[in-house]
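So the sequence shown is numbered by this note's numbering: it starts at 286 and just counts up by one. We put the beta carbon where it would ideally sit given N, CA and C, even for glycine. Report on one structure; see the data block that follows.
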Amino acid sequence: MGITEGSLYRVTIQKDDGSLTHVSPFAVADLQDGDNNHLLCLDVSGAPSKVFFPAGHLTDPREDLNPDTEIAVQK
């Protein structure tokens, strides 16, 4: 309904000067391999440090709605 999965993601980016900014991916890729992983396509410079996705938009294989999800990006 006007909101795409990609616009729901919030990626925290640490810029070269140390400041933090939040962006959404310009595209989301999925290999359709059944693993529930998305590849987030970003067009900004800096290092991703965290990814957030809000509750209630996706389901797991048992059709349970997802909780708020946030994870640190491994370097």
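Three-state secondary structure (DSSP) of residue i
i: leucine 293; result: helix
i: leucine 350; result: strand
i: leucine 305; result: strand
i: phenylalanine 333; result: Contrary to the premise, residue 333 reads as proline rather than phenylalanine in this sequence. Strand at proline 333.
Per-residue burial, residue i [other beta carbons within 10 Å of its own, 16 or more giving buried]
i: proline 352; result: exposed
i: valine 296; result: buried
i: proline 346; result: exposed
Spatial distance of residue i from residue j (CA atoms)
i: isoleucine 298; j: glycine 331; result: 6 angstroms
i: valine 329; j: histidine 307; result: 10 angstroms
i: phenylalanine 338; j: leucine 325; result: 12 angstroms
Same chain, Cβ closer than 8 angstroms to residue i, five either side skipped, listed in chain order
i: leucine 350; result: Ala340, Gly341, His342, Leu343 and Thr344
i: glycine 360; result: Here residue 360 is lysine; the residue named in the question, glycine, does not match the sequence. Here the set comprises Ala332.
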